[in-house]
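J.: My structure is below; once you've seen it, I'll send some questions.
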Ligand SMILES: *Cc1c(COP(=O)(O)O)cnc(C)c1O
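Residue numbers (UniProt numbering): 1 to 493.
Shown next, in the form of structure tokens:
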């Protein structure tokens, strides 16, 4: 039975359902489980398993208080017809022992679907009887839509998403404001993402509001952000599945090493690869690829994590992050479970915006994790290189990874490399067209059509049809009114 506790200490041990319900530990730490190496999966056992079969094997270890029947019903609902490929996360051969793991075949065309299609189902089984959950999310773009699609009409849940007015792309806005479902609200907020995010944090901290919502509507507020165990665990699955695919194709034999290269923001996706390694997957290296907001690259290089730096709004917005929350979990495991060290590093981050990790620990970390970053010019040329050299179209986030991966000078050509692709190129058609030297008319939908025609590829249907989808949500409010908005949304539902 795997139990969870905070990275920052304390004696409390929770089952995974409670950890999923809570999200964050009361001391601000993240929930972790010890003894992952006792949950080992023999790599040979995943050959021949499909996505759901692999997921069952991995999740029965990480979420061991869910019954077998509960996991089956959650997995059936999460990984079904809403995916455009029956493989869920297909593996594409790029040639030269390089592969792409496509994580964007879900309903919103970004990798967050992998976790957010499953999380609502896990949450619905984690609540007390008769209790409703209202999920609050502030989004800079991708997360909001993936969360809406996951929670739409999920039993026992509601969701309210706030996005900064004028600060998300045309397609991202349309994806959110056209979302169907009877249990959701989408609202623009005047200000930037940080204003919306701060207001959401203070709503979570408002004990009076929590009491009122509980009394009057038996509802608790919850978050669906990427530190939740219920988002991390589903991401471990596709590392095992990629390995399974490589075995089935005869590229590797059970036990052979594989490298992964991961475009990173909050360190969630790449952390899942580390979990896979701790659970027995032969991962030889995990490459952390950043965009121009290269705080993780600098940390891995110098041992100093420093968020006191300019913030750049780049062409890869989902990686524009200065505080990579999930890094805390990696530090916890690499430090051998030293909760005191983690608590003191995180206190430094809180008070000074920076912390320094002891050199011996950095050496251990660098034994597994390597790093790199790409500026926007490099992202553009990576998109065009990948298309010219490999005949494969990538989005700007994946392009950061491609640039870093192909720039590695210390690769062992006998070891396959898997690049995780986190978004469909059609989610960012303007940047992709520009990078390929194509025309870029004012409408993103015209860019999609030009891209389709020039590359002989097809946009995901759900993206192309957004142009004429009915807009359901027009509200725009000040950050100070968000709390009332949430109260109203709860009482209405
Ligand atoms: C969220 C996101 C990322 C970064 O993932 P993390 O888990 O935060 O590292 C990369 N690419 C896309 C398209 C994303 O939506």
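Ideal Cβ positions, reconstructed from N, Cα and C, are used throughout, including at glycine.
(1) Report the option in 186, 188, 288 whose CA atom is closest to the CA atom of residue 262.
(2) What are the start and end residues of the beta strand (DSSP E) that includes residue 480?
(3) Mind listing, in chain order, the continuous beta strand (DSSP E) runs of no fewer than 3 residues lying wholly within the region 326-398?
(4) Would the beta-carbon of residue 113 be found less than 7 Å away from any heavy atom of ligand 1?
(5) I need the straight-line Cα distance from residue 201 to residue 384, nearest angstrom please.
(6) On the DSSP bridge list, what partners appear for residue 494?
(7) What's the C-alpha gap between residue 17 and residue 338?
(8) Taking all protein chains shown into account, do 16 or more other C-beta atoms lie within 10 angstroms of the C-beta of residue 312, making it buried, or fewer, making it exposed?
(9) For residue 150, tell me which candidate among 25, 41, 115 has the shortest Cα-Cα distance.
(10) Is the separation between the beta-carbon of residue 342 and that of residue 300 shorter than 8 Å?
(11) Please state whether the Cβ-Cβ distance between residue 497 and residue 286 is less than 8 Å.
(12) Taking all protein chains shown into account, do 16 or more other C-beta atoms lie within 10 angstroms of the C-beta of residue 321, making it buried, or fewer, making it exposed?
(13) Got a sec: does ligand 1 put a non-hydrogen atom nearer than 7 Å to the Cβ of residue 295?
(14) Helix or strand or just coil, what does DSSP make of residue 43?
(15) So is residue 219 buried or exposed if we call it buried at 16+ other beta carbons inside 10 Å?
(16) Mapping DSSP to helix, strand and coil, what is residue 79?
(17) Can we count residue 176 as close to ligand 2, meaning its CB is less than 7 Å from some heavy atom?
(18) Which same chain residues, not among the five before or five after residue 267, have their C-beta less than 6 Å away from its C-beta?
(19) Nearer than 7 Å: is that true of the beta carbon of residue 225 relative to any heavy atom of ligand 1?
(20) For ligand 1, is there a heavy atom less than 7 Å away from the beta-carbon of residue 228?
T.: By the coordinates alone:
(1) 288
(2) From DSSP, residue 480 is part of no beta strand (DSSP E); its letter is neither H nor E.
(3) Qualifying beta strand (DSSP E) stretches, in chain order: 354-356, 369-373.
(4) no
(5) 40 Å
(6) Nothing in the structure corresponds to residue 494, since the chain is present only between 1 and 493.
(7) 24 Å
(8) exposed
(9) With distances taken between CA atoms, residue 150 lies nearest to 115 out of 25, 41, 115.
(10) no
(11) Limits of the chain in this structure are 1 at one end and 493 at the other, which puts residue 497 out of reach.
(12) buried
(13) no
(14) helix
(15) buried
(16) coil
(17) Within the structure as shown, ligand 2 is missing, the only ligands being ligand 1.
(18) 324, 326, 327
(19) Answer for residue 225: no, Cβ out of range of ligand 1.
(20) Every heavy atom of ligand 1 is 7 Å or more from the Cβ of residue 228, so no.
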